[in-house]
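Peer 1: Below you will find the structure I want to go over with you.
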Amino acid sequence: MNGRSLCRKCTYWLKSAQRKGFPTNKVSICSLSCGSNDLTKYGVKNENKKIYEKVKHFRNGSGRSNYIENNVDIMHLGSRAYLLKNYALKKRRRNNIRIRRKNKKKKFFNFVRINYSFHFIKKLMICTLLIYGINNYVMDMTLTSGSSMCPLINKNGVILFYICDFSLRLYYELRNIYIYNYLTFLNKFYIIIHRNFGHTNLTSINNRILEKIEIMKNKIKANKNIYKRGDVVLLISPVNNKKRVCKRIIAIENDKLFIDNFKSYVEIPKDNIWVEGDNKMDSFDSRNYGCVHVNMIIGRVFFLIDPFKNFSRIHRNKNYTMELDRFLFLSS
Numbered sequence: 000m001n002g003r004s005l006c007r008k009c010t011y012w013l014k015s016a017q018r019k020g021f022p023t024n025k026v027s028i029c030s031l032s033c034g035s036n037d038l039t040k041y042g043v044k045n046e047n048k049k050i051y052e053k054v055k056h057f058r059n060g061s062g063r064s065n066y067i068e069n070n071v072d073i074m075h076l077g078s079r080a081y082l083l084k085n086y087a088l089k090k091r092r093r094n095n096i097r098i099r100r101k102n103k104k105k106k107f108f109n110f111v112r113i114n115y116s117f118h119f120i121k122k123l124m125i126c127t128l129l130i131y132g133i134n135n136y137v138m139d140m141t142l143t144s145g146s147s148m149c150p151l152i153n154k155n156g157v158i159l160f161y162i163c164d165f166s167l168r169l170y171y172e173l174r175n176i177y178i179y180n181y182l183t184f185l186n187k188f189y190i191i192i193h194r195n196f197g198h199t200n201l202t203s204i205n206n207r208i209l210e211k212i213e214i215m216k217n218k219i220k221a222n223k224n225i226y227k228r229g230d231v232v233l234l235i236s237p238v239n240n241k242k243r244v245c246k247r248i249i250a251i252e253n254d255k256l257f258i259d260n261f262k263s264y265v266e267i268p269k270d271n272i273w274v275e276g277d278n279k280m281d282s283f284d285s286r287n288y289g290c291v292h293v294n295m296i297i298g299r300v301f302f303l304i305d306p307f308k309n310f311s312r313i314h315r316n317k318n319y320t321m322e323l324d325r326f327l328f329l330s331s
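Be aware that the sequence shown starts at 0, since it is given in numbering that gives the first Met the number 0, and climbs by one per residue.
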């Protein structure tokens, strides 16, 4: 039997003795401290070195003959070396576990690393203002439900996209400025041709200019009212200021409209509109609360999303035909 097999058997016996509860040499943390009374500053290192040299000497074969005599000493040295090694491994594992836990906490709490806080706050404020400006002045969407606008709007609820009143007014103002400037240019051009050139040579050009001027004048009249008959609008309820309703414009300012089954009529005042729901049998509208001021309009609906059923563009002529017999007078 060689020395290595004897050493293996010895270590196996020590492990089984530890499991069964036999007293073995254990290493305490106090004994490994640098300031202990028994050992010097480098006492632990020197002691471990001696143990390592004795075990190595035994494994190389020089101590085979003295194995039986020094059996107790070898078991003591082997158990101590084994415990020291285990202690070092356990300590290293504990340190690794602590480091991992700290890193996990850092990753969990510091999910955004802000190197330049001022730039981050500036970008956040710009994004907030941009979203607020788009939603309140350009376009927005809303969820609506109810049967007053059936069959155009499903009673179970749909998503409506609308252009805000501010952007509509701005668009029409810019358009009117463009038309006025173009009209003045055409008038000046017509006067120059009419005065400086003969009538017979440029009559066709003069006629075209006059036709264009008439078209521009008609466009100015058409752009007088931003909201037209048949437009689907989102407005603040005249009954409850916190509630928003979706209705269709039936009449605009200066129109005269029959109501109460043609028993009476109403004239729409300036800057006012008459709104009704498409489902007249189940709609609370101007027939109940009268005319509505244009300042109560939030926006004009232009697109509808009915989830998994319908995606459509809303136009004033869609699902609507103007009832001419209801009008006593139609303004231009």
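Each residue gets a CB set at the ideal place from its N, CA and C atoms; glycine is no exception.
Looking at the unbroken alpha helix (DSSP H) that takes in K121, where does it start and where does it end?
Peer 2: That run of the alpha helix (DSSP H) goes S116 to G132.
Peer 1: Quick one: using the 10 Å Cβ neighbour count with 16 as the cut-off for buried, is D230 buried or exposed?
Peer 2: D230 comes out buried.
Peer 1: Among the residues of its own chain, which have a CB less than 7 Å from the CB of L329, if the five just before and after it don't count?
Peer 2: D254, listed in sequence order.
Peer 1: Can you round the beta-carbon distance between F160 and F310 to whole angstroms, since I take them to be within the 8 Å contact cut?
Peer 2: Actually they are not in contact, since the Cβ atoms of F160 and F310 sit about 11 Å apart, beyond 8 Å.
Peer 1: Roughly how many whole angstroms lie between the Cα atoms of F184 and Y177?
Peer 2: Taking the straight line joining both Cα atoms gives about 11 Å.
Peer 1: Can the beta-carbon of L233 be found closer than 8 Å to that of G298?
Peer 2: It is a contact, given that the beta carbons lie within the stated cut-off.
Peer 1: Taking only runs that begin and end inside the segment 212-251, name each unbroken beta strand (DSSP E) of 3 or more residues, in chain order.
Peer 2: Fully enclosed beta strand (DSSP E) runs of 3 or longer: 231-235 and 243-250.
Peer 1: Can you tell me whether M140 is helix, strand or coil according to DSSP?
Peer 2: M140 falls in the strand class under three-state DSSP.
Peer 1: Which residues does DSSP list as the beta-bridge partners of K255?
Peer 2: DSSP, once it has assigned bridges, lists E266 and F328 as partnering K255.
Peer 1: Is the distance from the Cβ of K241 to the Cβ of R315 below 8 Å?
Peer 2: Result no, Cβ atoms of K241 and R315 do not sit closer than 8 Å.
Peer 1: Only counting the same chain, and skipping five residues up and downstream in sequence, which positions put a Cβ closer than 7 Å to that of L323?
Peer 2: Cβ neighbours of L323 beyond the five flanking positions: none.
Peer 1: Could you tell me which of S285, E275 and C290 sits nearest to P268, measuring between CA atoms?
Peer 2: The candidate whose alpha carbon is nearest that of P268 is C290.
Peer 1: Kindly identify the DSSP beta-bridge partner or partners of S311.
Peer 2: Looking at the DSSP assignment, S311 forms a beta bridge with L303.
Peer 1: Rounded to whole angstroms, how far is the Cβ of C163 from the Cβ of M138, which I believe are closer than 8 Å?
Peer 2: Right, the Cβ-Cβ distance comes to about 6 Å (below 8 Å), so this counts as a contact.
Peer 1: Taking 8 Å as the threshold, find out whether the segment 259-276 comes into contact with the segment 115-135 through three or more Cβ pairs.
Peer 2: Verdict: no, contact absent.
Peer 1: How many angstroms separate the CA atom of I248 from the CA atom of S285?
Peer 2: Cα to Cα, I248 sits roughly 10 Å from S285.
Peer 1: If you draw a straight line from the C-alpha of L128 to the C-alpha of E172, how long is it?
Peer 2: Between L128 and E172, the C-alpha separation is close to 25 Å.
Peer 1: Give every residue of the same chain whose Cβ lies closer than 8 Å to the Cβ of S27, excluding the five residues on either side of it in the sequence, and list them in chain order.
Peer 2: Residue placement at S27 is poorly supported in this model, since its pLDDT is 43, which falls under 50; the coordinates still yield a value, given next. Closer than 8 Å at Cβ, skipping near neighbours: no residue.
Peer 1: If I measure Cβ to Cβ from C149 and keep anything under 7 Å in the same chain, skipping five residues before and after, which residues do I get?
Peer 2: Around C149: D277 and N278.
Peer 1: So, is I296 buried or exposed, given that buried needs 16 or more other C-beta atoms within 10 angstroms?
Peer 2: Under this definition I296 is a buried residue.
Peer 1: N260 by DSSP, collapsed to three states: which one?
Peer 2: It is coil, neither helix nor strand.
Peer 1: Whole angstroms are fine: how far does the CA of C126 sit from the CA of I214?
Peer 2: Spanning the two alpha carbons is a distance of roughly 43 Å.
Peer 1: Where do the N-terminal and C-terminal ends of the beta strand (DSSP E) with L159 fall, by residue?
Peer 2: Its beta strand (DSSP E) spans residues V157 to C163.
Peer 1: Is it right to say L169 is buried, meaning 16 or more other beta carbons lie within 10 angstroms of its own, or is it exposed?
Peer 2: Exposed, because fewer than 16 other Cβ atoms sit within 10 Å of the Cβ of L169.
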